[in-house]
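Participant:
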Amino acid sequence: MQIPQLMHEQYLEAKDIIADSVDIKIYSHIDCDGICSGAILSTTLDRQNKKHDIEFVNLDVLDNIELDHELTIFSDLGSGQNITGKAKPGQKIIVLDHHPPLRDLDYKNDKDFTYLEINPMHHGIDGSYYVCGGGLCYFLAKEYGYTDLSWIGVLSAIGDMQNTRTGHFEGLNEIIQQDAIDGGYLELTKSDINIYGRNTRPLFVALSYFSDVRLPITNNTTETMAILEELGIDEKHNRKTLNQLTMEDKGKLYQRLVEMISKVVPGRYVKYIPQLILCDSYTFLKEDRNSFLRDASEFSTAMNACGRNHEEKIAMEVLKGDRIVALDELESVSLDHRRNLAQSIARVAEGDGTNIIELENLQYFDGDGIKPEIVGTITGMILGYCNWKKPILGFTQTDSDGLKVSLRCSRLLSYDGIHFGNIIRKIAGEVGGSGGGHAMACGAYIPIDKKSDFIELFNRELDGKITN
Ligand SMILES: [Mn+2]
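Residue numbers for the sequence shown follow numbering that gives the first Met the number 0, beginning at 0 and rising by one.
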C-alpha cells in the first residue's frame, strides 16, 4: 500500500501551515499511541525550531475546547470530537487522527479558520488495522526526512493493537515497519512465541500468565518450571528468558503448548491454536540488550502505565531520547503501577473466589476502589482466573458518579467472530451510556443505577453466541 495522492498533498499542506506558524499547541491522547504521536510531533517541531506546548488529554476534555493558539494540532484524537466550535477567524487547526471522523473532507471549505484533517478513513483506509495516530504523525515527520522516528511509529501501532487481527502489520503500517528496519532501528522476528516479557521475565514466570485458555500452567509457576525441565529447556537456577532459547527449544515449547491447548479447546477452535501462540515480535535494536525498552510490547506497556498514572510527559521524554532522568522516572512509574495492579488483582481473584460472579454467558466483578484508568488492565489479568469461554467484565465507579465497565475475553472468542466492542456500544447505548472498542478489549461508561439492567441485557444479547 502507498499513501494515497490526496493524503500526501495534505501532508505537504500541513508542512506549509507549520512553516507559517509561531505559536503552536499540541493536544494528544493519553495512551501509548497518543504519547508516541506527541513525541513524534514534538521532536519534529523541535528540529524545525518551532516553540510549542503539548498536553495529553482524555477525549471528554475536547468538546467545545477553547483554542488559544495560532495553530492547534490534535493527534490520535480530534476527528470524533467537536473541536472547532470555538475556533476564531484566522486560527489554524491540524488533526492527525485515525478514529471515525465526524467531519468530511469538504468541511474545511467556507470556514474563516484553516482546517486540515488527515484521517485515513477519508481515503478508504481502515484506521483500526492499517495506520494509527503515531503512524499518521510519522508520515508528517517523514516529509521532513526524519525517518529515524519510524521506530516510534511502530511502537504506536503495537500499543494501538493494530496487528491483532492477523498477528502482523498491514497497509501503511507496513511502510513504517520497513522504514524502521531499513534504518537499523527494528528487528522483526516472524512467528515468534508470543509471550509477554521476552527479555525481562524468566520464561517460567512469563509462561504462567498464559490466559487465553485455562491451562495447567496458567498462574502456576511450579507447573511451568516442571514442563521446562521436562523439555530440557531450562532448569530452576537458570531462569532463562524466552530470548535466550535456541530456535530448537522454541520449537519444542511450541509443540508442547499446542498439545496442551488442543486438550482443552473444543474442536472448532483447533485451527486457531497457532495464532494463539505465535506472533511477529519486534525488537528495538538501539535499546540496551536487557532493557524492557528493547521489546516493543514491553515498551508499549510502560507507555500505557504512564498514561494511566497521568505521567505522559515522562513517557514522551523517554521517547524523545532522555534515557537518564526520564528513564529512571519511567521505571518508578512502572513499578508503582505493577504494585497497584498486583494489589487489586489479589483483592478480586484471590480468597474464596466469590468476587467473580458467573452468569450463563458472561462473568463479572465489582472493582470498587479500583481506579477507572486501570480497571481494563485488571480485567485482562483476571481473565486468567476465570472461565475463558465467557467474557469477563469489571466495574468501577468514576469520579463523576458513573460506572466504568471494561471487558476482556480470550482471543479465541474474537477469532470466532464475536466483536465485543460493537456489542458493548449497543448495550451501553440502551441504558443511556456510551461504549466501544476492540473485538476482545473494550469498555463503556454507564449510569450507576443501570448496572443490573446492563448486565442482564448483555447476558441476554450473548444468548447463542457463547458455548458453555
Ligand atoms: Mn490511537
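In this text, a Cβ means the ideal position worked out from N, Cα and C, and glycines have one as well.
The structure displayed is predicted, hence computed values, not measured ones.
Under the rule that 16 or more other beta-carbon atoms within 10 Å means buried, what is Y106, buried or exposed?
Facilitator: So Y106 ends up on the exposed side.
Participant: T282: which of I276, N108, S290 sits nearest, CA to CA?
Facilitator: Closest by alpha carbon: S290.
Participant: Exposed or buried, what is I447 when buried is set at 16 or more other beta-carbons lying within 10 Å of its beta-carbon?
Facilitator: The residue in question, I447, is exposed, as its Cβ has fewer than 16 Cβ neighbours within 10 Å.
Participant: Considering Cα atoms alone, identify which of D211, F453, G416 is closest to G434.
Facilitator: Answer by Cα proximity: F453.
Participant: What does P446 pair with, by DSSP beta-bridge criteria?
Facilitator: Answer by DSSP bridge pairing, in chain order: G401.
Participant: In whole angstroms, what separates the C-alpha of I272 from that of E65?
Facilitator: Cα-Cα distance, rounded: 50 Å.
Participant: Would the C-beta of T437 count as close to ligand 1, meaning under 7 Å from any of its heavy atoms?
Facilitator: At residue 437 the sequence reads His, which differs from the Thr that was named. No, since every heavy atom of ligand 1 falls outside the 7 Å radius drawn around the Cβ of H437.
Participant: Taking 8 Å as the threshold (C-beta atoms), are L461 and Y268 in contact?
Facilitator: Taking 8 Å as the Cβ cut-off, Y268 and L461 do not qualify as a contacting pair.
Participant: In three-state terms, what does DSSP make of K24?
Facilitator: Correct three-state label for K24: strand.
Participant: What distance in whole Å lies between the Cβ atoms of M259 and P215, which are believed to be in contact at a cut-off of 8 Å?
Facilitator: That belief holds up - the Cβ atoms of P215 and M259 are roughly 7 Å apart, short of 8 Å.
Participant: Can you give the beta carbon distance from C305 to A295, rounded, assuming they're within the 8 Å contact cut?
Facilitator: That pair is no contact at about 16 Å.
Participant: Check whether the region 135 to 148 and the region 31 to 46 touch, using three or more Cβ-Cβ pairs below 8 Å as the test.
Facilitator: The region 135 to 148, when compared against the region 31 to 46, does touch it at the 8 Å Cβ threshold.
Participant: Looking at D487 and ligand 1, is the gap between the Cβ and the nearest heavy atom below 7 Å?
Facilitator: Summary: the structure shown does not reach residue 487, with the chain confined to residues 0 through 467, and so no result is reported for it.
Participant: Shorter than 7 Å, the distance from the beta carbon of G132 to the closest heavy atom of ligand 1, or not?
Facilitator: Checking the Cβ of G132 against ligand 1 gives yes.
Participant: Can you look up Q254 in the DSSP assignment and give me helix, strand or coil?
Facilitator: Q254 falls in the helix class under three-state DSSP.
Participant: Pull the bridge partners of G436 from the DSSP assignment, please.
Facilitator: G436 pairs with C441.
Participant: With which residues is Y281 paired in a DSSP beta bridge?
Facilitator: For Y281, which the question treats as bridged, DSSP gives the partners L187.
Participant: With 16 as the cutoff for other CB atoms within 10 Å, does I82 come out buried or exposed?
Facilitator: When all chains shown are included, I82 counts as buried.
Participant: Classify G463 as buried or exposed, calling it buried when 16 or more other Cβ atoms lie within 10 Å of its own Cβ.
Facilitator: With fewer than 16 Cβ atoms within 10 Å of its Cβ, G463 is classed as exposed.
Participant: Which residue's Cα is closest to the Cα of A438: S127, H98, S74?
Facilitator: Considering only alpha carbons, the answer is S127.
Participant: Evaluate contact between the region 204 to 219 and the region 312 to 327, counting only Cβ atoms and requiring at least three cross-stretch pairs below 8 Å.
Facilitator: No, the region 204 to 219 does not touch the region 312 to 327.
Participant: Reducing DSSP to helix, strand and coil, say where G393 ends up.
Facilitator: Strand.
Participant: Relative to the alpha-carbon of G84, which residue among D96, H97, L101, F209 has its alpha-carbon at the smallest distance?
Facilitator: Measuring from the Cα of G84, the nearest candidate turns out to be L101.
Participant: Tell me the DSSP bridge mates of R407?
Facilitator: I391, A440, per the DSSP bridge assignment.
Participant: Applying the criterion that 16 or more other CB atoms from any shown protein chain within 10 Å of the CB defines a buried residue, is D30 buried or exposed?
Facilitator: By the neighbour-count rule (16 or more Cβ atoms within 10 Å), D30 is buried.
Participant: In chain order, what residues of the same chain lie with their CB nearer than 7 Å to the CB of L241, ignoring the 5 residues before and after it?
Facilitator: Once the five neighbours on either side are set aside, the close Cβ partners of L241 are I192, I194, R197, L202, A205.
Participant: When the Cα atoms are used, what is the spatial distance from Y184 to H309?
Facilitator: Approximately 28 Å between the Cα atoms of the pair.
Participant: Quick check: the region 127 to 136 against the region 166 to 180, are at least 3 beta-carbon pairs closer than 8 Å?
Facilitator: Short answer: they touch.
Participant: By Cβ distance below 7 Å, which residues in the same chain neighbour I226 in space, the five residues on each side in sequence not counted?
Facilitator: Here the set comprises I216, R255.
Participant: When the Cα atoms are used, what is the spatial distance from K235 to L252?
Facilitator: Straight-line Cα distance between these residues: approximately 16 Å.
Participant: Buried or exposed: where does D75 fall if 16 or more other Cβ atoms within 10 Å of its Cβ makes it buried?
Facilitator: Counting Cβ neighbours within 10 Å, D75 comes out buried, since at least 16 surround it.
Participant: For the region 362 to 371 and the region 392 to 402, state whether three or more C-beta atom pairs, one from each stretch, are separated by less than 8 Å.
Facilitator: The region 362 to 371 vs the region 392 to 402: in contact.
Participant: What does a CB cutoff of less than 6 Å around P470 pick up in its chain, not counting 5 residues either side in sequence?
Facilitator: This structure cannot speak to residue 470, because the chain is shown only from 0 to 467.
Participant: When the Cβ atoms of the region 331 to 344 are set against those of the region 58 to 73, are three or more pairs found closer than 8 Å?
Facilitator: Contact between the region 331 to 344 and the region 58 to 73 is absent, because fewer than three Cβ pairs lie under 8 Å.
Participant: Can you give the Cα-Cα distance for G416 and I423, rounded to whole angstroms?
Facilitator: About 15 Å.
Participant: Taking its Cβ as the centre, do 16 or more other Cβ atoms sit within 10 Å of M160, making it buried, or is it exposed?
Facilitator: Flag for M160 reads buried.
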